[in-house]
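**Q** All residue numbers for the sequence shown refer to our numbering, where the first residue is 75 and numbers rise by one. Okay, here's the structure, questions in a sec.
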Amino acid sequence: MSPDPSPTSATTLAPPASSGADPDLELPSVRTPLPGPRSQAWFDRADPHLTGAMADHTLVPFVEAAKRGYLIEDVDGNTFADHMSAWGSSPFGATPADVREAMNTAWDRHGMQISGWVQNIPALELAERLAAIAPGRLSRVEYSVTGTLAVEGAVKFMREASGRPLVITFGGQYHGESTYLTAGVSSDLSNVTSMRAQYVAGVLTIPYPNRFRSPFQPGPGPFDDTAVLDYLENYVLVQQIHPEQIAGLLIEPVLGEGGVHLPSQAFWDRLGALARRWGWLICLDEVQTCMGRCGEMFAMQRWTGIDPDLILLGKAFSAGGQPIAALLGTDEVMGDSELHLGSTYGFTPAACAAALAGIDRIEAGGVLDNARALEQIFLTELAPSLAEFEQVGDVRAAGALAAIEFVRDRDTIRPAPRFQVAVHQAALRRGVLGITQRGKWHYRLQPALTMPPEVFRDTCDRLRDAIAEVAANPPTERGSVLESVAEEAR
Ligand SMILES: Cc1ncc(COP(=O)(O)O)c(C=O)c1O
């Protein structure tokens, strides 16, 4: 694994001059090189015992001391605007008082409980509430703990209900870290998926609908993203797999880890027609996009006419409380199921109480409006950078889920993963913690749904300054993305 551009700098960067933020709002401030001396001391102590992501301090080079609203404070007194939001599972910033109170009350009353066996009021109330807000024909609830488990369960439901073996998925999606799905489908690059996990049968991956970057045509879009369905209908189903072998489709309504892509209405219309024609079930993986993240309770509500058989919930569903996930299904899929899913820790009473408080917050109003406002701010503030910087290929957002895709040049749109990581480092020095991953060429912001618009606008300014800094002296990219992936694997 080659080292990233250094995250450290002794410079303290003031908020951008154009910020114009309300002086009463606390803005992030980085006063030390990163990592600061206290963070470094913690890393030195812990490193001999750590492995994997916890042992890598280059992408998040500080140790959190506490969270306050939309800010993270590190042990050196630096503050960062939090655009990671615990990877989406802390949708209201530092867990707000109402969620904490609901959770603590349930905890005091029930402690740990296995809700699949000993029924309790928070778990039953949550199931009832989910059925009430579930879109379309969904009326049943299966309990779970993590997004990964929910997806694994969904594949079983699809197979049981249809009696068919195969599931179609879309490239660049992410469904978790179990061996089965990491192997079959993942936005993790091939250095992780096929170098580190086994292949499994039963999952067929076709390209995710993408209007900017087409697998079938060179250069930048806008492309007709239904081309992938031509490929499915005219090639895959003709040459490889008979449609009656397919149980269903597993699809993220907005591609999250894969870089915030929003399919067109035409794509959904045609996909729905194909599903009806061939008896395929539609499973929407809304683990990342549910509960307001994309400006609607469920991201699928951004379009009309999508009629899912299953929807998977996780992350923001916890409201920042405790781990929880769920599967919503139709009577046909779940009513007579003989599957044994769930988990010891599924729907613990305290987690259910927090999830209910989160739904209350969204239904009280304001949260979805704010997420939609953040979307507009991102698009407005960052759109000029498309003309300003050769390396900014595309700017996309769906509610409070936003991405910039970096390229080496605008004609070939060859990916620029090193530029992306360098922008992340430059943004960190300006007090912006976004989402990055090595080898990928899109950078994401995932703020609290409730982040004040002024703070988000200030972040966008800081991000623009970070891009300018990197564009002035861009890192050398490796020959091709495949080469960088191969290098990572060594
Ligand atoms: C769409 C999607 N599905 C499933 C998962 C896995 O969720 P978890 O990490 O809770 O297992 C994720 C996590 O990022 C996700 O984004």
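Here a beta-carbon is modelled for each residue, glycine too, at the ideal position from N, C-alpha and C. This one's a predicted model, so the numbers in the text were calculated from it and none came from an experiment.
#1: Does the Cβ of His249 lie closer than 8 Å to at least one heavy atom of ligand 1?
#2: Tell me where the beta strand (DSSP E) around Val544 begins and ends.
#3: Measuring only the C-alpha atoms, how far is Ile380 from Ile207?
#4: Looking only at C-alpha atoms, which of Gly409, Val137, Val497, Arg344 sits nearest to Gln114?
#5: At a cut of 8 Å, does the region 508-516 reach the region 456-465 through at least three beta carbon pairs?
#6: Can Glu557 be considered in contact with ligand 1, in the sense that its beta carbon sits closer than 8 Å to one or more heavy atoms?
#7: Anyone know if the C-beta pair for Asp150 and Pro111 falls short of 9 Å?
#8: How far does the alpha helix (DSSP H) with Thr454 in it reach, from first residue to last?
#9: Please classify Glu251: does DSSP put it in a helix, a strand, or coil?
#10: Using a Cβ-Cβ cut-off of 7 Å (strictly less than) and excluding sequence neighbours within five positions of Pro548, which residues of its own chain qualify?
#11: Check whether the Cβ atoms of Glu449 and Gly473 sit closer than 9 Å, and answer yes or no.
#12: Let me check understanding here. Comparing Cα to Cα, which of Val495, Ile509, Met525 lies closest to Ile541?
#13: Since Thr524 is in the beta strand (DSSP E), which residue starts that stretch and which ends it?
#14: Any contact between the region 411-418 and the region 223-230? By contact I mean 3 or more CB pairs, one from each, below 8 Å.
#15: Quick check on Ile320: buried or exposed, where buried means 16 or more other Cβ atoms within 10 Å of its Cβ?
#16: Helix, strand or coil for Asp434, going by three-state DSSP, please let me know.
#17: Quick one: grab the DSSP three-state call for Gly553.
#18: Counting only beta-carbon separations shorter than 9 Å, does Pro239 have a partner in chain B?
#19: Mind checking whether the beta-carbon of Leu303 lies closer than 8 Å to any heavy atom of ligand 1?
#20: May I ask you to report which of helix, strand or coil DSSP gives Pro423?
#21: Going straight from the alpha carbon of Arg174 to that of Ile433, what length do you get?
#22: Determine the burial state of Arg536: buried for a count of at least 16 other Cβ atoms within 10 Å of its Cβ, exposed for fewer.
#23: Confirm, please, whether the CB-CB distance from Ile325 to Asp359 is below 9 Å.
**A** On the basis of the coordinates in this document:
#1: His249 Cβ: within cutoff of ligand 1.
#2: Counting along the chain, Val544 sits inside no beta strand (DSSP E); it lies in the alpha helix (DSSP H) bounded by residues 527-546.
#3: As the crow flies, the alpha-carbon of Ile380 is around 16 Å from that of Ile207.
#4: The residue with the shortest Cα to Cα distance from Gln114 is Val137.
#5: Verdict: no, contact absent.
#6: Not so, every heavy atom of ligand 1 lies at least 8 Å from the Cβ.
#7: A contact, by the Cβ cut-off of 9 Å.
#8: Residue range 441-456 is occupied by the alpha helix (DSSP H) that includes Thr454.
#9: In this structure, Glu251 counts as coil in the three-state DSSP scheme.
#10: Cβ within range, chain order: Gln465, Phe493.
#11: Going by C-beta atoms, Glu449 is nearer than 9 Å to Gly473.
#12: For the residues Val495, Ile509, Met525, the minimum Cα distance to Ile541 belongs to Val495.
#13: Element bounds for Thr524: n/a, residue is neither H nor E.
#14: Yes: at least three Cβ pairs fall under 8 Å.
#15: The C-beta of Ile320 has 16 or more other C-beta atoms within 10 Å across all chains shown, which makes the residue buried.
#16: Looking at Asp434 - three-state DSSP - the assignment turns out to be helix.
#17: Here Gly553 sits in coil by DSSP.
#18: Given the protein chain composition of this structure (a single chain), no chain B is represented.
#19: No, the beta carbon of Leu303 sits no closer than 8 Å to any heavy atom of ligand 1.
#20: Assignment of Pro423 by DSSP, reduced to helix, strand and coil, places it in the helix class.
#21: About 14 Å.
#22: With a threshold of 16 other beta carbon atoms within 10 Å, Arg536 meets it and is buried.
#23: Yes, Cβ-Cβ distance for Asp359 and Ile325 is below 9 Å.
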